[in-house]
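Under my numbering, think of the first position of the sequence shown as 28, with each following residue one higher. What follows is a set of notes on a single structure, which appears directly below.
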Amino acid sequence: METKTGKIKFMACTVGISFILLLKKSFCYSIFTKMNEVEKVVIVGSGCAGLTAAIYTSRAALLPLVIGGPQPGGQLTMTNEVENFPGFPNGINGFELMANMRLQAEHFGTRFVDDEVKDVDFGKGMKKIICERNTYLSQTVIVATGASPKLLGVKGEKEFFGGKGVSICATCDGAFYRGKDVAVVGGGDTACEEALFLTNFCAKVYLIHRRDTLRASKPMEKRTLANGKIIPLWDSIVDEIIGPEKVSGIRVENVKNKSKTEIACSGVFIAIGHTPNSQQFAKYLHLDDDGYFHRKEDSFVETNVGGVFVAGDCADKTYRQAITSAGTGAMAAILAEKYICKKI
Ligand SMILES: Cc1cc2nc3c(=O)[nH]c(=O)nc-3n(C[C@H](O)[C@H](O)[C@H](O)COP(=O)(O)OP(=O)(O)OC[C@H]3O[C@@H](n4cnc5c(N)ncnc54)[C@H](O)[C@@H]3O)c2cc1C
28 METKTGKIKF MACTVGISFI LLLKKSFCYS IFTKMNEVEK VVIVGSGCAG
78 LTAAIYTSRA ALLPLVIGGP QPGGQLTMTN EVENFPGFPN GINGFELMAN
128 MRLQAEHFGT RFVDDEVKDV DFGKGMKKII CERNTYLSQT VIVATGASPK
178 LLGVKGEKEF FGGKGVSICA TCDGAFYRGK DVAVVGGGDT ACEEALFLTN
228 FCAKVYLIHR RDTLRASKPM EKRTLANGKI IPLWDSIVDE IIGPEKVSGI
278 RVENVKNKSK TEIACSGVFI AIGHTPNSQQ FAKYLHLDDD GYFHRKEDSF
328 VETNVGGVFV AGDCADKTYR QAITSAGTGA MAAILAEKYI CKKI
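Next comes the structure, spelled out in structure tokens:
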């Protein structure tokens with residue numbers, strides 16, 4: 028009798044344990060597979076660089092996942108008129124251009140998530156992208172996070188930004204100010220380059236700088252100060268950008284004697300630098316002194332980590348244009364595909 032009960036107990040135990048193991052296995056399996064849903068390509072950023080990379084990688088059947096970030100569509104969504112992107116003889120609204128790029132990427136199978144990268148793990152194994160809402164694993168990553176222009180934070184700046192007279196890019200907007208007077212704010216190489224470029228169109232270019240000498244390199248300083256159209260306003264800061272509908276002038280304050288002067292002008296170009304959005308990746312990717320991603324020698328998009336590529340303004344302090352960003356987005360996509368196929 029005791030032997031029979033023992034046998035039954037033993038069988039019940041065996042069945043119970045097997046059942047638990049089975050359950051555990053399927054539980055582990057579901058966790059395991061969820062954690063191991065590995066993407067082929069994750070693209071961080073949905074500006075010109077990210078969306079171009081998305082078009083290329085989705086056409087290569089890699090089913091990319093784009094993490095859109097805090098500014099879906101990127102910087103170009105802030106401008107009404109883009110006149111230098113090829114293919115649009117009458118120009119195109121920046122928002123519309125980016126919406127079209129997204130549609131084109133979606134058409135080929137790109138998936139988008141509304142999330143923001145907070146941290147990454149590019150150590151051994153799959154690349155881990157840790158976002159506000161989710162964590163993603165991927166074989167390759169294309170970082171296209173852009174560089175945010177630094178702004179002055181003065182009255183009128185936000186109100187007239189992007190099409191109403193305040194600009195951060197002379198190459199983009201200079202041609203809109205043909206024959207007019209404009210002001211450039213800043214004293215480094217970029218400010219001098221912007222001012223010199225604007226002399227091609229504008230009648231007068233006021234160069235407003237908070238110190239009494241430029242920070243630019245000597246040859247640049249020499250060229251700038253030798254140009255008769257450029258009028259430096261030393262020891263000066265912008266107090267307010269004046270409207271009402273569009274920019275009609277600026278009020279500058281002399282930092283030494285505190286006097287304020289109004290200057291009539293139609294455009295204000297802010298050239299006090301950019302902040303590349305790179306800090307979340309800094310543990311793994313090399314950055315240069317200004318925080319831009321450092322690229323491997325002889326490469327436009329390869330980083331110090333195999334399978335991680337950079338594209339667009341976040342790795343480019345020279346050009347910072349929609350078309351150059353799109354160009355490096357395409358390069359990063361082509362190399363990501365090669366990396367996956369073990370061709371590099
Ligand atoms: C007002 C204005 C007008 C301009 N006009 C012109 C023009 O006429 N012609 C021209 O060629 N260029 C113009 N530019 C410059 C052009 O917009 C940029 O060169 C171009 O947008 C850069 O593209 P990008 O993809 O590298 O970066 P961005 O467009 O800056 O896009 C960066 C993307 O990264 C995302 N991102 C950032 N951080 C994170 C994160 N932590 N996690 C996830 N995603 C993140 C953002 O959400 C964004 O989608 C203009 C710029 C401005 C601001």
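Ideal Cβ placement from N, Cα and C applies to all residues, glycine included.
Quick one: residues in its chain with C-beta nearer than 6 Å to the C-beta of residue i, no 5 flanking neighbours on either side, listed in chain order?
i	result
Leu-49	Bear in mind that the predicted position of Leu-49 carries a pLDDT of just 43, short of 50, making it unreliable; the figure below should be weighed with that in mind. So no residue of the chain qualifies.
Ala-81	Ile-70, Pro-91, Val-93, Ala-132, Thr-137
Glu-108	Gly-118
Glu-220	none
Arg-205	Phe-228
Ala-291	Gly-276
Gly-318	Pro-303, Ser-305
Lys-61	The predicted position of Lys-61 is uncertain, since its pLDDT is 42 and thus under 50; a value taken from the coordinates is nonetheless stated next. Here the set comprises nothing.
Val-140	Ile-94
Lys-344	Tyr-319
Ser-165	Glu-66, Val-69, Lys-154
Phe-327	Thr-355, Met-358
Since residue i contacts residue j with CB under 8 Å, what's their CB separation in whole angstroms?
i	j	result
Val-69	Leu-89	Not quite, the Cβ-Cβ distance comes to about 10 Å (not below 8 Å), so this is no contact.
Ala-342	Leu-103	Wrong, their Cβ atoms sit about 17 Å apart, outside the cutoff.
Leu-225	Gly-189	That pair is no contact at about 18 Å.
Val-335	Arg-322	Contact doesn't hold; Cβ gap of about 11 Å is too wide.
Ala-357	Tyr-83	5 Å
Glu-289	Val-181	That pair is no contact at about 14 Å.
Tyr-366	Phe-149	Not a contact, Cβ separation roughly 13 Å.
Gly-96	Glu-143	5 Å
On the three-state DSSP scale, how would you describe residue i?
i	result
Asp-340	helix
Cys-158	strand
Asp-200	helix
Pro-246	helix
Lys-67	strand
Asn-23	Residue numbering for the chain in the displayed model covers 28 to 371; residue 23 lies beyond these limits and cannot be assessed.
Tyr-163	strand
Arg-278	strand
Ala-171	coil
Gly-294	strand
Arg-86	helix
Ala-222	helix
Arg-322	coil
Ser-73	coil
Leu-312	coil
Phe-188	strand
Glu-110	coil
Lys-273	coil
Ile-264	strand
Ile-361	helix
Ile-195	coil
Tyr-366	helix
Tell me the DSSP bridge mates of residue i?
i	result
Ala-81	Paired residues: none, contrary to the question.
Phe-149	None; Phe-149 has no bridge partner.
His-301	Pro-176
Pro-259	Leu-234
Ala-210	Tyr-233, Val-295
Phe-329	Going by the sequence as given, residue 329 is Glu instead of Phe. Paired residues: Phe-336.
Val-140	Ile-94
Ser-181	In the sequence as displayed, the identity of residue 181 is Val instead of Ser. Answer is none; Val-181 lacks a bridge partner.
Ile-119	Val-109
Suppose the cutoff is 8 Å on Cβ atoms and the five residues either side in sequence are ignored; what does the same chain contact list for residue i look like?
i	result
Asp-340	Gly-74, Ala-76, Gln-102, Gly-173, Ala-174, His-301, Pro-303, Arg-347, Ser-352
Val-282	Arg-237, Asp-262, Ser-263, Ile-264
Ile-269	Gly-183, Ser-275, Gly-276, Ile-277, Arg-278, Glu-289
Gly-333	Tyr-366
Does residue i get closer than 8 Å to chain B when you measure Cβ to Cβ?
i	result
Val-211	The question asks about chain B, but that chain is absent: this structure has only one protein chain.
Apart from the five residues just before and just after residue i, which ones in its own chain have a Cβ nearer than 7 Å to its Cβ?
i	result
Lys-231	Asp-208, Lys-256, Ile-258
Ala-222	Val-211, Val-232, Leu-234, Thr-251, Ile-257
Phe-112	Ile-119, Leu-124, Ala-349, Ile-350
Leu-314	Ser-305, Phe-320, His-321
Exercise for the section: Please confirm if the stretch 127 to 139 is in contact with the stretch 170 to 188, defined as three or more CB-CB distances below 8 Å between the two stretches. Expected result: Using a Cβ-Cβ distance cut-off of 8 Å, the stretch 127 to 139 and the stretch 170 to 188 are not in contact, since fewer than three pairs of beta carbons, one from each stretch, lie closer than that value.
Practice task
Decide if the stretch 212 to 220 is in contact with the stretch 237 to 250; the criterion is three or more beta carbon pairs, one per stretch, under 8 Å apart.
Solution key: They touch, by the three-pair rule.
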